[in-house]
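Residue numbers (our numbering): 39 to 208.
Idealized CB from N, CA, C, for every residue including glycine.
Below: one structure, written as structure tokens.
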């Protein structure tokens, strides 16, 4: 069965800066909890039409067609690493991108990041919205694992990411 997880956060930074940060795959491990020891093992970057940061600096940018091989620890304190191959399946500069699991630990994964300009209390910033659609392997056992641990772990991971994002953008 497919499940959906949604998260959103407002940050007091311009959309161009926030999007440039998220579209650089080197930042992904920095947004994951340290116990996961996430790393990018390989990347093929298919550059989008525009591949410069808002400051006109060259950047590592993952556009549509980019493929990333990521490895991480799924359970704290265990030395087991899982490998995940993700494809950037959709990409619109300064608005959104979606990554889809090609191979990995889940039966299905599609994660869309949407970044939109939004002002709050007279402060210009950006709203970062995430929608994850996923399915676990093993049918009913996977659904039970989702209820017991996976959904809670996903929520904790996104809470960590939200706190870390503010620090990294500052």
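Pick helix, strand or coil for residue i, following the three-state DSSP scheme.
i, result
"residue 115", "coil"
"residue 202", "helix"
"residue 102", "coil"
"residue 197", "helix"
"residue 246", "Limits of the chain in this structure are 39 at one end and 208 at the other, which puts residue 246 out of reach."
"residue 131", "coil"
"residue 158", "strand"
"residue 125", "strand"
Go to residue i, then tell me how far its alpha helix (DSSP H) extends in each direction, as first and last residue.
i, result
"residue 56", "53 to 61"
"residue 178", "178 to 183"
Which partner residues does residue i have in the DSSP bridge list?
i, result
"residue 47", "166"
"residue 120", "110"
"residue 171", "42, 148"
I need the boundaries of the beta strand (DSSP E) containing residue i, first residue and last residue.
i, result
"residue 139", "134 to 141"
"residue 77", "77 to 82"
Write down the C-beta distance between residue i and residue j rounded to the nearest angstrom, noting that I regard them as a contact closer than 8 angstroms.
i, j, result
"residue 58", "residue 108", "Going by Cβ atoms, the distance from residue 58 to residue 108 rounds to 20 angstroms, so no, they are not a contact pair."
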